[in-house]
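Following: one structure in C-alpha cells, then a few remarks.
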Amino acid sequence: GAVVSQHPSWVICKSGTSVKIECRSLDFQATTMFWYRQFPKQSLMLMATSNEGSKATYEQGVEKDKFLINHASLTLSTLTVTSAHPEDSSFYICSARDPSSGRGSEQFFGPGTRLTVL
Amino acid sequence: GENVEQHPSTLSVQEGDSAVIKCTYSDSASNYFPWYKQELGKGPQLIIDIRSNVGEKKDQRIAVTLNKTAKHFSLHITETQPEDSAVYFCAARYAGKSTFGDGTTLTVKP
Chain A
536 GAVVSQHPSW
546 VICKSGTSVK
556 IECRSLDFQA
566 TTMFWYRQFP
576 KQSLMLMATS
586 NEGSKATYEQ
596 GVEKDKFLIN
606 HASLTLSTLT
616 VTSAHPEDSS
626 FYICSARDPS
636 SGRGSEQFFG
646 PGTRLTVL
Chain B
6 GENVEQHPST
16 LSVQEGDSAV
26 IKCTYSDSAS
36 NYFPWYKQEL
46 GKGPQLIIDI
56 RSNVGEKKDQ
66 RIAVTLNKTA
76 KHFSLHITET
86 QPEDSAVYFC
96 AARYAGKSTF
106 GDGTTLTVKP
C-alpha cells in the first residue's frame, strides 16, 4: 500500500510554455502533499507544502506565481511550471502524507518527473 | 531552521561487508528520522525510520541508531549486496517539515 504516482514521468518542452505535473496517492488519502526539486547529484529541495483545500505554503526563494500548486482533492495535487525556462529543467518529486493514519509520520514519494526545457 | 549534515558523500564497499552512513542535525526539536534509498531516475523510498524516543531500530540487514544528546543518527547495512548500490538520504523532521542530508552514494562491488 501507500503508493504515490506521478505523471508524466518525463517531459520535454519549449521555453516559454507551461507544464503541468500530476501527483496522485493511489491507495490512501493525502491530506498533505509536498513538492521537491532535485538537481543532479544533489539533495531534495522542498519547494512547497500543500494541504487539501487550502493554498500551498512555499519555501523561501520559490516563486509561487511560477510554480502553481493545486491540491483540490485528497488524492491529487498538481504542479504547473509556468513560462518554463531552461533553468527550470530538473527532477521534480512529490510526496504525500496522511497524518490521520497510523503511518502519519511517513512520507511516500512519487517516482519523479524529469523536466527538460529547451 | 534545521540543518542536516551527512557523511560520507561516497562510500564503496566489497559485497558482504558492512556500510555505515552518519548524519548530524542541529534542531533538538526534531523528532522523526527517516532514511531513504534512491535509485537512478527514481523517487526516494523509505527503508527505515526512527523516532526520538527510541535509540535503535533494526529491520533484517538494516539498522538505525539515534543519539539524541549528540544529535546524530546512523544507518548500518550489513552483508551488503550489489543491489544495495544507490544514493541514501537521511532526514530530520519537526512540525511536519523534513530537512534532508546531501546524500551518500553507496557502491557495493561484487
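In the order they appear, the protein sequences are chains A and B. Under my numbering, the first residue of the first sequence carries the number 536, and numbering increases by one thereafter. Under my numbering, the first residue of the second sequence carries the number 6, and numbering increases by one thereafter. Ideal Cβ placement from N, Cα and C applies to all residues, glycine included.
Item	Value
The region 575–589 of chain A touching the region 100–113 of chain B, judged by at least three CB pairs closer than 8 angstroms	yes
Interface partners of Lys-47/B on chain A, CB under 8 angstroms	Pro-646, Gly-647
Neighbour flag for Thr-567/A against chain B, beta carbons, 8 angstroms	yes
Under 8 angstroms between C-beta atoms of Val-546/A and Ala-631/A	no
Contact under 8 angstroms by Cβ, Tyr-37/B with Pro-49/B	no
is_contact[Phe-38/B, chain A] using C-beta, thresh 8 angstroms	no
Rounded Cβ spacing between Cys-28/B and Gly-108/B (contact assumed at less than 8 angstroms)	Between Gly-108/B and Cys-28/B the Cβ distance is about 10 angstroms, and since that is not below 8 angstroms, they are no contact.
Short CB-CB distance (under 8 angstroms) between Leu-111/B and chain A	no
Buried or exposed (CB count within 10 angstroms, at least 16 for buried), His-606/A	buried
Counted within 10 angstroms of its Cβ, other Cβ atoms place Ser-560/A as buried (16 or more) or exposed	buried
Supposed close pair Val-69/B, Leu-80/B - CB separation, criterion 8 angstroms	6 angstroms
Beta-bridge pairing of His-12/B - partner residues as DSSP gives them	Lys-27/B
Three-state class that DSSP yields for Asp-64/B in the structure shown	strand
Interface partners of Leu-579/A on chain B, CB under 8 angstroms	Pro-49, Phe-94, Phe-105
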